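When we follow my numbering, the leftmost residue of the sequence shown carries the number 214, and every step to the right adds one. One structure is given here, and the rest of the page talks about it.
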Amino acid sequence: MSEGRFVLNAATDGLIHITIPVGILQCNCSIIGDPVTREALVVDPGDEVNRILDLLGRHKLTVKAIVSTHAHIDHVGGLSKLHLYTGAPVLMHRDDLPLYQAMEMQASFLGVHPPELTEVDQLLKEGDILRWGSFEAQVIHTPGHTPGSVSLYLPHDAGKVTAVPTIRTVLGEDGQKIALADLLKKPAAAEDAGQSGAQDEPEKITPRAPQLFSGDTLFAGSIGRTDLWGGSMDQIMDSLRSKLMHLPDETSVHPGHGPVTTIGNERHLNPFLRPE
């Protein structure tokens, strides 16, 4: 595991981003932090929570929220433990709650023990803004891989999100806890096979260029599977073409598996997205 390094003269110009590939499917767990306030989001803590906690402690980061881009087991396996140790609220889109409730079925598909579940503290929806430190991220609902898949978009000026005219603030307000048992349950099928991730990255101060955390909707050179429960090729293509492909070409894309790419690269090179 690489020891992170601080770039102090860049602390006011960018954000901290640590990528941790975790679990047997190497889900890219992301820690996104404010270098000044040391507040952070943790996105998709799929497994190996002790490693995540170790990195948070080493870099003196306090978790403001735990965000799930979707409820496949390789992305949510560590939600309960990370919530227990940090007390941070868990955020997920309502449409993936039935899939989250189906951990036993997902675990049987992979031949592993089902992870412990936790309550979802706040439900995400299109246009929500997540706030931590001096940063803001816009929630983009990107169904297709799963019904409740979301992507997080940090624009060039991540401290000022102005693209959405009417929004509901998700973080910074007391959210009512939502017991999963009280919500509609629907059996879900199995787990995404995913793609291989890279080795642990050190802490980086990422310049405030646009950043997208795309979950399993968009990969470098590919897109998310749609042959699992709730998947839809029509929906994922609509999410990509009507939403993600409208982002600036220079937007860095941090997918749920595999290497970083850009919107521009995928627009021109991704076989699913190239103009016909």
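Glycine residues also receive a C-beta, built at the ideal position from the N, C-alpha and C atoms. Owing to the predicted nature of the structure, the values given are computational and were not obtained by experimental measurement.
Distance, residue j Cα to residue i Cα
| i | j | result |
| --- | --- | --- |
| GLY324 | VAL289 | 16 Å |
| THR475 | GLY227 | 18 Å |
| GLY361 | ALA284 | 8 Å |
| GLY300 | PHE348 | 20 Å |
| VAL303 | LEU297 | 11 Å |
| SER293 | GLY357 | 25 Å |
| ASP334 | SER427 | 22 Å |
| VAL262 | LEU238 | 15 Å |
| ILE233 | VAL256 | 10 Å |
| ASP267 | LEU330 | 22 Å |
| GLY270 | ARG251 | 11 Å |
| ASP429 | VAL249 | 30 Å |
| HIS369 | PRO468 | 18 Å |
| LEU453 | ASN241 | 20 Å |
| LEU496 | HIS306 | Nothing can be reported for residue 496, as the shown portion of the chain is limited to 214 through 489. |
| ARG344 | ALA350 | 7 Å |
| THR464 | LEU457 | 10 Å |
| PRO328 | LEU310 | 15 Å |
| HIS326 | ILE265 | 20 Å |
| GLY471 | ASP247 | 24 Å |
| GLY346 | GLU332 | 25 Å |
| ASN478 | ILE353 | 20 Å |
| ILE342 | ASP308 | 18 Å |
| TRP442 | MET318 | 11 Å |
| ALA315 | LEU460 | 33 Å |
| LEU295 | SER243 | 13 Å |
Exposure label - residue i; buried when at least 16 CB within 10 Å
| i | result |
| --- | --- |
| ARG487 | exposed |
| LEU274 | buried |
| SER455 | exposed |
| GLN408 | A caution first: GLN408 carries a pLDDT of 37, below 50, which makes its placement in the model unreliable, though a value can still be read off. When all chains shown are included, GLN408 counts as buried. |
| MET446 | exposed |
| PRO484 | exposed |
| SER364 | buried |
| SER321 | exposed |
Continuous beta strand (DSSP E) stretch holding residue i: start and end
| i | result |
| --- | --- |
| ARG344 | 342-345 |
| PHE485 | PHE485 -> no beta strand (DSSP E), and no H or E assigned at all. |
| THR299 | No beta strand (DSSP E) holds THR299; the alpha helix (DSSP H) holding it covers 292-299. |
| GLY434 | No beta strand (DSSP E) holds GLY434; DSSP gives it neither H nor E. |
| LEU425 | 424-428 |
| VAL352 | 348-354 |
| LEU337 | 335-337 |
| PRO468 | 465-468 |
C-beta contact flag for residue i and residue j at 9 Å
| i | j | result |
| --- | --- | --- |
| ALA253 | VAL235 | no |
| GLY437 | GLY444 | yes |
| THR355 | ILE449 | yes |
| LEU482 | PRO423 | no |
| THR359 | LEU312 | yes |
| ILE229 | HIS272 | yes |
| GLY259 | ILE231 | no |
| LEU431 | VAL466 | yes |
| ARG164 | ASP451 | Summary: the structure shown does not reach residue 164, with the chain confined to residues 214 through 489, and so no result is reported for it. |
Element boundaries [alpha helix (DSSP H), containing residue i]
| i | result |
| --- | --- |
| ALA320 | 316-323 |
| LEU367 | Where LEU367 is concerned, there is no enclosing alpha helix (DSSP H), although the beta strand (DSSP E) it sits in stretches over 363-367. |
| SER452 | 446-455 |
Contact with chain D by residue i, beta-carbon distance below 9 Å
| i | result |
| --- | --- |
| ASP440 | Absent from the structure is chain D; it holds one protein chain and no more. |
Q: Starting from the N-terminal side, write out each stretch of the alpha helix (DSSP H) that is 4 residues or longer and does not extend beyond the segment 234-305.
A: Within the segment 234-305, complete alpha helix (DSSP H) segments of at least 4 residues are found at 262-271, 286-289, 292-299, given in chain order.
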